Ligand SMILES: O=C(O)/C=C(\C=C(/O)C(=O)O)C(=O)O
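Have a look at this one:
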């Protein structure tokens, strides 16, 4: 059916510039989504927003335009635990995409096997209250038990204020754990202050924990322009992301987050977002780890 977009919805940026920054060969966009198309893959009744359509073909066209070789496609909450759009995109990717799904505790072994065969390599646990209703921890623990034999990992999306309460639960997850967007730090705080140090301590104490250093456009308070007018500079986010890349160079990932759900005040040009990367990964070696080696090790461990 036709789905009315959430009022004020910002569609993804049409006609992104060609990045100035030359992505290294084999670069992976390790965090992106597909939405519907709603006529073919209906959005979930329990969703908390209704997006525009954003197809696999459009995602792969952006991949090629920006110079990425591969994608990791993450199930968006607007599709709930209905992973059909994700599986369809993986099937269309000719082996160039892997997936992170959303499952419920009653998922069957056959369904897990089907997701694994399509290229799913992890599940996502979302704790952002504006996106999902809270899932009881015992359900999540049961899902972890079910996916561990598959060699899958757990992607977690939470807000920094919730990390203290979730710290022990996250630290007990036995698989690899990938944090979306650094756990959304409050970038008005001191990057060397106690709030961000809790996240850095979480990474120090748990060598199985990785993080995406993506989505400056979600975290920035100063906005896309630097004082000198440079676009997509997100200068208040850079110190946080640089610290993570330099302290944990082998456990960081990056993604465009296309098609950028729930942005309110501006829609980034994905070409300029790619140009942001050298500000947070400042050497070719760090860029290769962030964009090639790390996502390859986690999502294509079998090799190229
Ligand atoms: O795309 C992101 O990573 C961020 C958001 C949304 C989702 O992840 C989703 O709906 O699955 C958000 O902060 O609204």
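In the working numbering, the protein residues as written are 7 to 310. Just so it is clear, CB atoms sit at the ideal spot from N, CA and C, and this is done for glycine as well. Because the structure is a prediction, the values reported are computed rather than measured.
*Could you pull out every unbroken alpha helix (DSSP H) segment of at least 4 residues lying fully inside the region 16 to 83, listed in chain order?*
62 to 72
*Curious, which full-length alpha helix (DSSP H) runs of at least 4 residues does the region 247 to 303 contain?*
276 to 286, 290 to 294
*Rounded to whole angstroms, what's the CA-CA distance from residue 85 to residue 54? Just pull it up for me.*
As a first step, residue 85 must be located in the chain shown, where it is residue number 79. As a first step, residue 54 must be located in the chain shown, where it is residue number 48. Taking the straight line joining both Cα atoms gives about 10 Å.
_Length at least 3, wholly inside the region 99 to 131: the beta strand (DSSP E) runs in chain order_ = 103 to 107
*Buried or exposed by the 16-neighbour rule on C-beta atoms within 10 Å, applied to residue 140*: Translated into positions along the chain shown, residue 140 becomes position 134. Classification of residue 140: exposed, given that the 10 Å Cβ count is below 16.
*asked:* Among the candidates 78, 294, 185, 19, whose CA atom is the shortest distance from the CA of residue 306?
replied: Taking the first residue of the chain shown as position 1, residue 306 is located at position 300. Cα-wise, what sits closest to residue 306 is 78.
*Quick one: complete alpha helix (DSSP H) runs, 4+ long, within the region 119 to 192?*
143 to 153, 169 to 177
*For residue 306: DSSP bridge partner residues*: On the chain shown, position 300 is the one that residue 306 refers to. Beta-bridge pairing links residue 306 to no other residue.
_Run of the beta strand (DSSP E) containing residue 215, from where it starts to where it stops_ = As a working mapping, residue 215 is identified with position 209 in the chain shown. Residues 215 to 218.
*asked:* Please report the straight-line C-alpha distance between residue 65 and residue 196, rounded to a whole angstrom.
replied: Working through the chain shown from its first residue, we reach residue 65 at position 59. Working through the chain shown from its first residue, we reach residue 196 at position 190. Taking the straight line joining both Cα atoms gives about 36 Å.
*Just mark residue 120 as buried or exposed, buried being the case when its beta carbon has 16 or more other beta carbons within 10 Å.*
Here residue 120 refers to the residue found at position 114 when the chain shown is read from its first residue. Classification for residue 120: exposed.
*Throw me the rounded Cβ distance for the residue 240 and residue 222 pair, which I believe falls under 8 Å.*
In the chain shown, residue 240 corresponds to position 234, counting from 1. In the chain shown, residue 222 corresponds to position 216, counting from 1. At roughly 4 Å, the Cβ-Cβ gap stays under 8 Å, so residue 240 and residue 222 are in contact.
*Does the Cβ of residue 98 lie closer than 7 Å to at least one heavy atom of ligand 1?*
The residue labelled residue 98 in the question sits at position 92 within the chain shown. Flag unset: Cβ of residue 98 not near ligand 1.
*Could you spell out where the alpha helix (DSSP H) holding residue 210 opens and where it closes?*
Here residue 210 is taken as the residue at index 204 of the chain shown, counted from 1. Note, residue 210: alpha helix (DSSP H), 200 to 211.
*Measure from the alpha carbon of residue 138 to the alpha carbon of each residue in 26, 95, 75, 110, then state which is nearest.*
As a working note, residue 138 is residue 132 in the chain shown. Ranking the options by Cα distance to residue 138, first place goes to 110.
*Where does residue 238 fall in DSSP's three states?*
By one-based count along the chain shown, residue 238 stands at place 232. If DSSP states are grouped into helix, strand and coil, residue 238 belongs with coil.
*Under 7 Å from any heavy atom of ligand 1, does the C-beta of residue 50 make it?*
Position 44 of the chain shown holds residue 50. Result no, Cβ not under 7 Å from ligand 1.
*asked:* Tell me the residue span of the alpha helix (DSSP H) that contains residue 224.
replied: In the chain shown, residue 224 corresponds to position 218, counting from 1. Here the alpha helix (DSSP H) through residue 224 covers 222 to 225.
_Can you give me the C-alpha to C-alpha distance between residue 285 and residue 91, rounded to a whole angstrom?_
The count along the chain shown starts at 1 and reaches residue 285 at position 279. The count along the chain shown starts at 1 and reaches residue 91 at position 85. Taking the straight line from one Cα to the other gives about 34 Å.
*Looking at residue 169 and residue 208, is the spacing between their C-beta atoms short of 8 Å?*
For the purposes of this step, residue 208 is taken as residue 202 along the chain shown, with counting starting at 1. For the purposes of this step, residue 169 is taken as residue 163 along the chain shown, with counting starting at 1. Closer than 8 Å, so yes.
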